[in-house]
Amino acid sequence: MNYKNEYAQSTQSPDEFWLQQAKEIDWYRRPTMGCTPSNNGYYNWFEDGMLNTSYLALDYHVDAGVGDKAALIYESPVTQTTQIFTYRELLEQVALFAGALSRLGVTKGDRIIVYMPMIPQAAIAMLACARIGAIHSVVFGGFAANELAVRIDDAKPTFIVTASCGIEGSKLLPYKPLVDEAITLAKYKPQGCILFQREQLNAKLKAGFDHDWALLMASSEPVAPTPVEANHPLYILYTSGTTGKPKGVVRDTGGHAVALNYSMGAVYGIKAQDTFWAASDVGWVVGHSYIVYGPLIKGATTVLYEGKPVGTPDAGAFWHVIEKHKVNVLFAAPTAFRAIRKEDPEATKLEKYDITTLRTLFMAGERLDPPTYYWASEKLAVPVVDHWWQTETGWPICANPMGIAPMKTKPGSSSVPTPGFNVKVLVNAHEEQAIGAKGAIAIKLPLPPGCLSTIWQDHPRFISGYLNEFDGYYSTGDNGYIDEDGYVFIMGRTDDVINVAGHRLSTGEMEEVLAGHPAVAECSVIGVHNDVKGQLPVGLVLLKDDVLIEESVLEKELIERVREAIGPVACFKRSIVVNRLPKTRSGKILRKVLRQIAGNEPVTVPSTIDDPSSVDEVSSLMREKGLVASDEHK
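The opening position of the sequence shown corresponds to residue 1 in my numbering, with each subsequent residue numbered one higher.
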């Protein structure tokens, strides 16, 4: 089947299409129902099905006779450790830890918070929860205690699973004090904490409350998978909310398994014999979908990497892992490649490694700017796929379907809608934009399997936040356009638009132009107040290493680039060089924070920030340059 036929079938006959895809995984009770309305004003997928995700990811493959195949490769440059788990070995560990949880009284529906570094025990804990029907909520290891406390109060976990420390570059980050403080701050108190002692740091355990991972495993008995309903929650994953209170995205079990199995083949072109590496963290949705669950359900080999694209030890770290483990497909954020490009612009370190096993590079997490796309394409000499999705959807909304029929690439576009996602560009709920015209990106309901089913303990927030803006559609919060070939161009969040003298202009377009300058490694464009024009764009730029250029010269060149590419209407006349930009741990530039600084508004720093001091640094520089609104214009 070609892409057009598959996409048409998925959007015109979704029940038939997805019930067929559901046959590709093993069920205890195969569903006969596709998408059905629920009693809370939304939908359920495969409502009459019964399955277990841990069984699909592990037991199924061992029972099929491939238990000796590599399932998970743990590669840690920060500890200089490599560990390979076969499917049989990983199953043994997961079944034992599931038994340990059961022995502590954890049952189906209980919540478990997993607050772990990038070590195999994080994946083992997730799969063990799935095995007994417990609902896991992974919180990025190292999050501040107050942020962890907020999640404890919302999820109300029976236990917290953690480790003695994380490793950030060359620094150890003790986790136990953060967990203890979070429990003190939280109104809800879990029954206990399970702690994995890393050899780099030994944490002190509280008698009667803390449990040692190794001792629990030594006294545990393996347990079999617990069949659960297709709409039983597999996990809760918190993502930033506009109110400051994080949203607990709930993922169901059945739709998730079907969607991930489908996407591993259709989007990523992965077969069971392949090695797939998502260079992310289990704390993010990418880690859930494509480090832990997707590759294992597909029967492939997955890489779990405890390191950075640069600094562990250098800008050749990615190439080393690809060569060492014969990686076939790599998935990373554009910021990772911007960091590599900044440190090693000519990719000289790549010359030391054989990466001929690599056949595709996927990027997501933020818009892939054309300069980064062209650099990666040239240096790696493989197809580079920009694809777009959200924590809420759990898998790609738009992508070049490498497993169906690879299509031509259009730099700046995340390619075409993935089968199942009926993507539209809207003026309002009843009117679509013309081809090539910009508007709000929305997805016609019902969403395909694998997307969020609700917000944990707050279904009204789910309805108001995603479904009320356009009747009959899921609002993505992004803006962009669809061209004459059906390619989707995401230009940024709907609030990444500035109004210059009545002209609504995309800051994403301007960022694309600035990023094309040979001296610029990364950039962000924000609107600042202007008495005459309302707002004016200002570029915050980060230079490549070892680049020498006068700031005034750079500013003139950037002004000219924007004038040529967009026109005088953009009124781009200011840029400043910064040492760093505020980012999340996953590498997204915190543009909302930058807008708040420029608007002289209270700054809401999200819990996902990588380094809070970067906000103060940029804020001071912007004030010094007169780029912050006065009290009169707040």
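All C-beta atoms, glycine included, are put in the ideal place defined by N, C-alpha and C.
- Among residues of its own chain, excluding the 5 on either side of Ser280, which ones have a beta-carbon nearer than 6 Å to its beta-carbon? As a first step, residue 280 is located in the sequence shown; it is residue number 280 there, counting from the start. Result list for Ser280: Val286, Gly287, in chain order.
- Got a sec? Which residues, its chain only, sit under 6 Å from Trp18 by beta carbon, not counting five neighbours each side? Counting from one through the sequence shown, the residue named residue 18 turns up at place 18. Contacts found: Gly34, Pro449.
- Item | Ala405, buried or exposed, once every other Cβ within 10 Å from all chains shown has been counted against 16 | Here residue 405 refers to the residue found at position 405 of the sequence shown. Exposed: under 16 other Cβ atoms inside 10 Å.
- Item | CA-to-CA distance, His232 to Val250, given in whole angstroms | For this step, residue 250 is matched to residue 250 along the sequence shown. For this step, residue 232 is matched to residue 232 along the sequence shown. Taking the straight line joining both Cα atoms gives about 10 Å.
- Query: Near Glu6, which residues of its chain fall below 7 Å by C-beta distance, leaving aside the five closest residues on each side in sequence?
  - Reply: Your numbering for residue 6 matches position 6 in the sequence shown. Excluding residues within five positions, the ones whose Cβ falls inside 7 Å are Ile404, Pro419.
- Message: I need the straight-line Cα distance from Tyr466 to Leu216, nearest angstrom please.
- Response: Within the sequence shown, numbered from 1, the residue matching residue 466 stands at position 466. Within the sequence shown, numbered from 1, the residue matching residue 216 stands at position 216. Using only the alpha carbons, I get a separation of about 42 Å.
- Chain-order list of residues whose beta-carbon lies under 7 Å from that of Arg103 (same chain, five-residue window excluded): The residue given as residue 103 occupies position 103 in the sequence shown. Once the five neighbours on either side are set aside, the close Cβ partners of Arg103 are Ser220.
- Query: Going by Cα to Cα distance, which pick from Thr158, Val538, Pro177, Ala149 is closest to Lys187?
  - Reply: The residue given as residue 187 occupies position 187 in the sequence shown. The shortest C-alpha separation from Lys187 is found at Ala149.
- For Thr454, name the three-state secondary structure that DSSP assigns. Residue numbering aside, residue 454 sits at position 454 when the sequence shown is read from its first letter. Strand, per DSSP.
- Grab the span of the alpha helix (DSSP H) containing Met217 for me, first residue to last. Indexing the sequence shown from 1 puts residue 217 at position 217. Met217 -> alpha helix (DSSP H) spans 213 to 218.
- DSSP-derived helix/strand/coil call for Ser413: As a first step, residue 413 is located in the sequence shown; it is residue number 413 there, counting from the start. Coil, per DSSP.
- For Val321, which option in Gln83, Pro460, Tyr293 has the closest C-alpha, if you only look at C-alpha atoms? Taking the sequence shown and counting its residues from 1, the one referred to as residue 321 is at position 321. Val321 has its Cα closest to that of Gln83, out of Gln83, Pro460, Tyr293.
- Leaving out five residues on either side along the sequence, give the residues of the same chain with a beta carbon under 7 Å from the beta carbon of Met622. Numbered from its first residue, the sequence shown carries residue 622 at position 622. For Met622, where only same-chain residues beyond five positions count, the Cβ hits under 7 Å are Ile597, Ala598, Val628.
- Query: Does the count of Cβ pairs from the region 36 to 48 and the region 270 to 280 closer than 8 Å reach three?
  - Reply: no
- Item | Where Val114 falls: helix, strand or coil (DSSP) | The residue labelled residue 114 in the question sits at position 114 within the sequence shown. Of the three classes helix, strand and coil, the one that applies to Val114 here is strand, per DSSP.
- With 16 other Cβ atoms within 10 Å as the buried cut-off, status of Ser164: As a working note, residue 164 is residue 164 in the sequence shown. Ser164 should be labelled buried.
- Item | For Gly567 and Arg367, believed in contact at Cβ under 8 Å, the rounded distance | Working through the sequence shown from its first residue, we reach residue 367 at position 367. Working through the sequence shown from its first residue, we reach residue 567 at position 567. Going by Cβ atoms, the distance from Arg367 to Gly567 rounds to 21 Å, so no, they are not a contact pair.
- Which residues does DSSP pair with Asn530 in a beta bridge? Taking the first residue of the sequence shown as 1, we reach residue 530 at position 530. In the DSSP output, where bridge partners are listed per residue, Asn530 has Gly534.
- Query: If we ignore side chains and look at the alpha-carbon of each, how far apart do Ala515 and Arg338 end up?
  - Reply: Here residue 515 corresponds to residue number 515 of the sequence shown, with the count starting at 1. Here residue 338 corresponds to residue number 338 of the sequence shown, with the count starting at 1. One C-alpha to the other measures close to 10 Å.
- Comparing alpha-carbon positions, which option in Asp59, Lys625, Arg585, Leu234 lies nearest Met126? By 1-based counting over the sequence shown, the position of residue 126 is 126. Answer by Cα proximity: Leu234.
- Message: I'd like the span of the beta strand (DSSP E) that includes Gln83, first residue to last.
- Response: For this step, residue 83 is matched to residue 83 along the sequence shown. Unbroken beta strand (DSSP E) run through Gln83: 81 to 86.
- Task: Just the C-alpha distance for Pro177 and Pro313, rounded to the nearest angstrom, thanks.
- Result: Here residue 177 refers to the residue found at position 177 of the sequence shown. Here residue 313 refers to the residue found at position 313 of the sequence shown. Cα to Cα, Pro177 sits roughly 28 Å from Pro313.
- Message: On a Cα-Cα basis, can you pick out the residue from Ile340, Asn468, Ile291 that is closest to Leu72?
- Response: Within the sequence shown, the letter at position 72 stands for residue 72. Taking only the C-alpha atoms, the option nearest Leu72 is Ile291.
- Query: Between the C-alpha atoms of Lys247 and Leu96, what's the straight-line distance to the nearest angstrom?
  - Reply: Reading the sequence shown from its first residue, position 247 is the one you call residue 247. Reading the sequence shown from its first residue, position 96 is the one you call residue 96. About 32 Å.
- Task: Would you decide whether Asp68 is buried or exposed? Buried here means 16 or more other CB atoms lie within 10 Å of its CB.
- Result: Start at 1 with the first residue of the sequence shown, and residue 68 comes out as number 68. Classification of Asp68: exposed, given that the 10 Å Cβ count is below 16.
- Using beta-carbon positions only, say whether Ile559 and Glu484 come within less than 7 Å of one another. Position 559 of the sequence shown holds residue 559. Position 484 of the sequence shown holds residue 484. Not in contact: Ile559 and Glu484 (Cβ atoms no closer than 7 Å).
- Item | Cβ-based neighbour list, Tyr87, same chain, cut-off 7 Å, excluding 5 preceding and 5 following | As a working mapping, residue 87 is identified with position 87 in the sequence shown. Counting only Cβ-Cβ distances below 7 Å, and skipping sequence neighbours, we find Leu58, His61, Val62, Val66, Gly67, Lys69, Ala71.
- Message: Assuming contact is defined by CB atoms lying nearer than 7 Å, are Thr409 and Cys451 in contact in what I supplied?
- Response: As a position in the sequence shown, residue 409 is number 409, starting the count at 1. As a position in the sequence shown, residue 451 is number 451, starting the count at 1. Not in contact: Thr409 and Cys451 (Cβ atoms no closer than 7 Å).
- Can you round the beta-carbon distance between Val384 and Ala376 to whole angstroms, since I take them to be within the 8 Å contact cut? By 1-based counting over the sequence shown, the position of residue 384 is 384. By 1-based counting over the sequence shown, the position of residue 376 is 376. About 5 Å separates the two Cβ atoms, so the contact holds.
- Return the CA-CA distance between Ile576 and Thr604, expressed in angstroms with no decimal places. One-based indexing of the sequence shown puts residue 576 at position 576. One-based indexing of the sequence shown puts residue 604 at position 604. Each residue's Cα considered, the two are about 23 Å apart.
- Message: Rounded to whole angstroms, what is the Cα-Cα separation between Pro295 and His459?
- Response: Reading the sequence shown from its first residue, position 295 is the one you call residue 295. Reading the sequence shown from its first residue, position 459 is the one you call residue 459. Going by the C-alpha atoms only, they are around 31 Å apart.
- Query: Quick one: what does DSSP say Ala278 is sitting in, helix, strand or coil?
  - Reply: Position 278 of the sequence shown, counted from the first residue, corresponds to residue 278. Residue state, collapsed to three classes: strand.
- Item | Per DSSP, cross-strand counterpart(s) of Tyr473 | Here residue 473 refers to the residue found at position 473 of the sequence shown. According to DSSP, which records beta bridges pairwise, Tyr473 is partnered with Lys444.
- Check whether the region 129 to 148 touches the region 103 to 117, taking contact to mean three or more Cβ pairs, one atom from each stretch, closer than 8 Å. yes
- In three-state DSSP terms, what is Gly426? To locate residue 426, count along the sequence shown from 1; it is residue 426. It is Leu, not Gly, that sits at residue 426 in the sequence shown. Reduced to three states, the DSSP call for Leu426 is strand.
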